[in-house]
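What follows is a short report on a single structure.
Chains as they are written, first to last, in this note's numbering: chain A, 1473 to 1582; chain B, 4 to 117.
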């Protein structure tokens, strides 16, 4: 089975950098995903890592270490609109299922 | 381009009443389909998963069921709703055909059982 852990809540200041960590345990790993979800809305895809290393997309970057079962999402130059929940999800290679962590609620303050 | 439709957007149902939520995908073939539930302030719980017509995997024992009568149609049902069934229900699809494997979500159905 899978077990995915993320911090429940984080706070940061506008313009700052924040790192949201995710650790996972899975019987068969086939990719890690980060989603953003604003309150009351559906999640939207942010990033995908299947190999070790850093993937950069504008202000957002995601890192993966498969040997450590660890990923982080890095948000730079924070804006108020970045206040949202950030969900880490892992795909199981055997079943192709996408399993989500409980999400990290980020609040950005002026 | 691919789109996913989920309806209704909101629903208020009395305890003991039946439920039917529908999800359809356009612009792709043989997608993997998912039903998730999200309680207030919580993460996404996978309820059902389907890799093809009539192939449904149930993740959590409960009074909900799912069906896939057509390739791009996924239905979530209940014969008798419980108060604990309240939540935000999300349908999603994914496919390996595009080379990416991320899941795309419908807009969700907010269900309140009263």
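Using N, Cα and C, we set each Cβ at its ideal position, and we do this for glycine too.
Taking the C-beta atoms as reference points, residue 1574 (chain A) is found no nearer than 8 Å to residue 113 (chain B). Around the Cβ of residue 33 (chain B), a 10 Å sphere holds fewer than 16 other Cβ atoms; the residue is exposed. Nearest Cα to residue 11 (chain B) within the set B:18, B:5, B:4, B:22: B:22. Using a Cβ-Cβ cut-off of 8 Å, residue 1514 (chain A) is close to 93, 108, 109, 110, 111 of chain B, given in chain order.
At least one CB atom of chain B sits nearer than 8 Å to the CB of residue 1563 (chain A).
Spanning the alpha carbons of residue 31 (chain B) and residue 5 (chain B) requires a straight line of approximately 6 Å.
If the five residues before and after residue 1534 (chain A) are omitted, its C-beta is found closer than 6 Å to the C-beta atoms of 1506, 1519, 1521, 1527, 1545, all from its own chain and listed in chain order. Within a 10 Å sphere around the beta-carbon of residue 1478 (chain A) sit 16 or more other beta-carbons, which makes this residue buried. Residue pairing by DSSP leaves residue 1549 (chain A) without any beta bridge partner. Excluding the 5 residues flanking it on each side, residue 1539 (chain A) has same chain C-beta neighbours closer than 8 Å at 1524, in chain order. Note that the C-beta distance between residue 1474 (chain A) and residue 1562 (chain A) is below 8 Å.
Under the rule that a run must span 3 or more residues, the beta strand (DSSP E) segments found entirely inside the stretch 21-79 of chain B read 22-29, 35-41, 47-55, 58-61, 67-73.
Closest in C-alpha terms to residue 20 (chain B), from the list B:106, B:66, B:78, comes B:66.
An exposed status is given to residue 85 (chain B), since fewer than 16 other beta-carbon atoms sit within 10 Å of its beta-carbon. In the displayed model, residue 1537 (chain A) falls within a strand according to three-state DSSP.
Residue 54 (chain B) belongs to the set of residues whose beta carbon lies under 8 Å from a beta carbon in chain A.
A Cβ-Cβ distance of about 6 Å is found for the pair residue 110 (chain B) and residue 9 (chain B), placing them in contact under the 8 Å criterion.
Beta-bridge analysis with DSSP links residue 1563 (chain A) to A:1570.
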